[in-house]
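>
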Amino acid sequence: MKRLPGLSLILTVTYLLSSCVNDASEKHQEKEQTEIVPDTTTHYPQEIHLANIKQLTNGGDNAEAYFSFDDSMITFQAKVPAWGSKCDQIYYFPFTDGDMKTQMPKMLSENLGRTTCSYFMPGDTSVLYASTRSGSDSCPPEPEKRTDGKYVWPVYADFDIYVANLKGEVIDTLISGPGYDAEATVSPNGDKIVFTSLRSGDLELYVCDIDGSNINQITFGLGYDGGAFFSPDGSKLVFRSSRPETDEDIKVYKDLLVQGLVMPTNMEIYTCNIDGSNLEQITHLGKANWAPFFHPSGKKIIFSSNHAGKRGYEFNLYMINIDGTGLERITFDEIFDAFPMFSYDGKRLVFASNRNNGGTHNTNLFIADWID
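Here the sequence shown stands for residues 1 to 372, numbered as in this note's numbering.
#1: Pick helix, strand or coil for residue 252, following the three-state DSSP scheme.
#2: Compute the Euclidean distance between the alpha carbons of residue 80 and residue 364, then round it to the nearest angstrom.
#3: Report all residues from its chain with a CB closer than 6 Å to the CB of residue 212; omit the five preceding and five following residues, and keep chain order.
#4: When DSSP builds the beta bridges, which residues end up paired with residue 237?
#5: Counting pairs of Cβ atoms below 8 Å between the stretch 149-164 and the stretch 253-273, do you hit three or more?
#6: Evaluate residue 36 with the Cβ neighbour count: other Cβ atoms within 10 Å of its Cβ, from every protein chain shown; 16 or more gives buried, anything less gives exposed.
#7: Buried or exposed: which applies to residue 160, given that a residue is buried once 16 or more other Cβ atoms fall within 10 Å of its Cβ?
#8: Helix, strand or coil for residue 81, going by three-state DSSP, please let me know.
#9: To the nearest angstrom, how far is it from the Cα of residue 361 to the Cα of residue 354?
#10: Please list the segments of the beta strand (DSSP E) lying wholly inside the stretch 127-214, counting only runs of 3 or more residues, in order along the chain.
#11: Under the rule that 16 or more other beta-carbon atoms within 10 Å means buried, what is residue 6, buried or exposed?
#12: Would you give the residue range spanned by the beta strand (DSSP E) that residue 46 belongs to?
#13: What is the DSSP secondary structure of residue 261, counted as helix, strand or coil?
#14: Quick one: using the 10 Å Cβ neighbour count with 16 as the cut-off for buried, is residue 220 buried or exposed?
#15: Exposed or buried, what is residue 47 when buried is set at 16 or more other beta-carbons lying within 10 Å of its beta-carbon?
#16: Starting from residue 288, follow the beta strand (DSSP E) in both directions and report where the run begins and ends.
#17: Determine the closest residue to residue 94 out of 201, 106, 311, with distance taken between C-alpha atoms.
#18: What's the C-alpha gap between residue 168 and residue 202?
#19: Would you call the CB atoms of residue 57 and residue 104 closer than 8 Å?
#20: What did DSSP end up calling residue 247 once you bin it into helix, strand or coil?
#21: Does the stretch 300-319 come close enough to the stretch 327-337 to have 3 or more Cβ pairs within less than 8 Å?
#22: Within the continuous beta strand (DSSP E) that includes residue 115, where are the two ends?
#23: Decide if residue 283 is buried, meaning its Cβ has at least 16 other Cβ atoms within 10 Å, or exposed.
#24: Excluding the five sequence neighbours on either side, which residues of its own chain have a C-beta within less than 6 Å of the C-beta of residue 23, listed in chain order?
#25: At what residues does the beta strand (DSSP E) containing residue 92 begin and finish?
#26: Go ahead and label residue 370 buried or exposed: buried means 16 or more other beta carbons lie within 10 angstroms of its beta carbon, across all protein chains shown.
#27: Give me, in chain order, the residues of the same chain whose beta-carbon lies closer than 6 Å to that of residue 231; leave out the 5 immediate sequence neighbours on both sides.
#28: In angstroms, rounded to a whole number, what distance separates the CA positions of residue 83 and residue 245?
#29: Name the DSSP bridge partner or partners of residue 75?
#30: Would a C-beta distance cut-off of 8 Å place residue 390 and residue 49 closer than the cut-off?
#31: Excluding sequence positions up to five away, which residues of its chain have a Cβ less than 6 Å from the Cβ of residue 133?
#32: Could you round the C-beta distance between residue 182 and residue 117 to whole angstroms and report it? I think they count as a contact, below 8 Å.
#33: In this structure, does DSSP put residue 353 in helix, strand or coil?
#34: Select from 44, 235, 69 the residue whose C-alpha is nearest the C-alpha of residue 279.
#35: Where does residue 365 fall in DSSP's three states?
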């Protein structure tokens with residue numbers, strides 16, 4: 001579950017931290033879905049690495065878009081009442097041949113349970129994703145708002161990892177077991193999967209073969225390790241981690257985890273080999289640094305961070321060398337840019353943003369040509 005960082009103000013700018021909407025808000029979002037806002041803020045002058053930015057969705061809450069191996073499609077999660085979703089569901093769309101402003105993407109998750117973290121399997125005829133459908137067909141409840149104002153997000157024990165064909169038919173329960181299994185992504189070589197699981201009693205990373213066999217735990221430090229992606233050559237992983245250090249922070253982390261909750265207010269970017277060796281912390285920025293992805297060269301990492309924000313909820317994309325040097329800001333929106341992924345050919349970047357949403361809370365998907 002690659003969720004937004006733990007800042008209560010971010011609740012107003014993205015779907016990933018919102019609860020299932022009621023009938024009144026559904027009607028409001030349906031209206032927003034049909035309104036076309038002029039493209040006046042899709043591209044900021046300082047964004048010199050981006051060109052020809054195109055908005056792919058137009059309303060609702062959309063994020064975590066990832067390319068197919070042939071770079072012609074994306075799969076993503078969304079909560080758009082006009083599309084029939086009451087909580088996060090998985091969709092795919094052939095963006096090179098259509099426009100989601102006029103065409104509805106295909107829902108793959110059948111509106112059963114809550115879903116997250118989809119990714120194309122090799123061959124582009126199926127998609128993996130995590131779902132709570134084994135526990136209930138309904139949307140699971142959101143955590144109650146805390147009296148101390150701190151934000152927490154749930155790690156649902158019913159999350160298992162499934163594979164569906166492009167008709168939306170589940171063809172395999174790929175990874176399952178007691179507790180949370182989610183956040184799976186696929187190696188560019190098509191031979192391995194990395195995912196986050198609570199099966200050890202802590203939220204750690206695991207690597208397995210493409211068929212879900214030969215599961216090996218690769219991280220062991222106390223804390224929430226997640227949101228992992230492979231390097232272009234498939235030899236390394238990049239991920240974000242919140243690793244409590246003080247006695248108080250450790251106690252808070254453990255107490256929340258027993259309740260099926262985490263409080264990810266402090267996260268940094270790490271890398272390691274796919275067997276877990278050579279673990280290195282890349283960022284030391286403070287606040288929330290997350291949603292990392294390797295640059296096509298394998299020598300840099302793009303990620304989202306609020307470390308420079310004055311209000312706590314301004315997330316932008318940054319690039320950093322794999323040795324932790326050369327930090328560079330990539331996007332300049334005033335609210336939220338995250339979930340970057342480079343196309344397999346390295347020519348495009350897809351990401352989620354609150355830009356150009358007409359002052360609403362909509363989070364949309366954008367695609368841009370990448371300029372090194």
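We put the beta carbon where it would ideally sit given N, CA and C, even for glycine.
In this text, all values refer to a predicted model and were calculated from it rather than measured experimentally.
Here's the rundown:
#1: Residue 252 falls in the helix class under three-state DSSP.
#2: Spanning the two alpha carbons is a distance of roughly 11 Å.
#3: 174, 175
#4: Looking at the DSSP assignment, residue 237 forms a beta bridge with 230, 272.
#5: yes
#6: At residue 36, the pLDDT of 41 sits below 50, so the modelled position is not reliable and the matter cannot be decided from this model.
#7: buried
#8: helix
#9: One Cα belongs to residue 361, the other to residue 354, and the distance between them is close to 7 Å.
#10: 160-165, 170-175, 181-186, 192-197, 204-209
#11: With a pLDDT of only 34 at residue 6, under the threshold of 50, the placement of this residue in the model should not be trusted, and no figure is reported.
#12: Run containing residue 46: none; DSSP gives neither H nor E here.
#13: Residue state, collapsed to three classes: strand.
#14: Exposed, by the Cβ-count rule.
#15: buried
#16: Element bounds for residue 288: n/a, residue is neither H nor E.
#17: 106
#18: 32 Å
#19: Contact: no.
#20: helix
#21: yes
#22: 115-120
#23: buried
#24: For residue 23, the pLDDT reaches just 33, beneath the cut-off of 50, and the residue's location in the model is therefore unreliable, leaving the point undetermined.
#25: 89-93
#26: buried
#27: Excluding sequence neighbours, residue 231 sits near 294, 298.
#28: Computed Cα separation, rounded: 43 Å.
#29: Answer is 66, 92, bridged to residue 75.
#30: The displayed coordinates of the chain run from 1 to 372. Any statement about residue 390 would go beyond what the structure contains.
#31: 112, 113
#32: 5 Å
#33: strand
#34: 235
#35: strand
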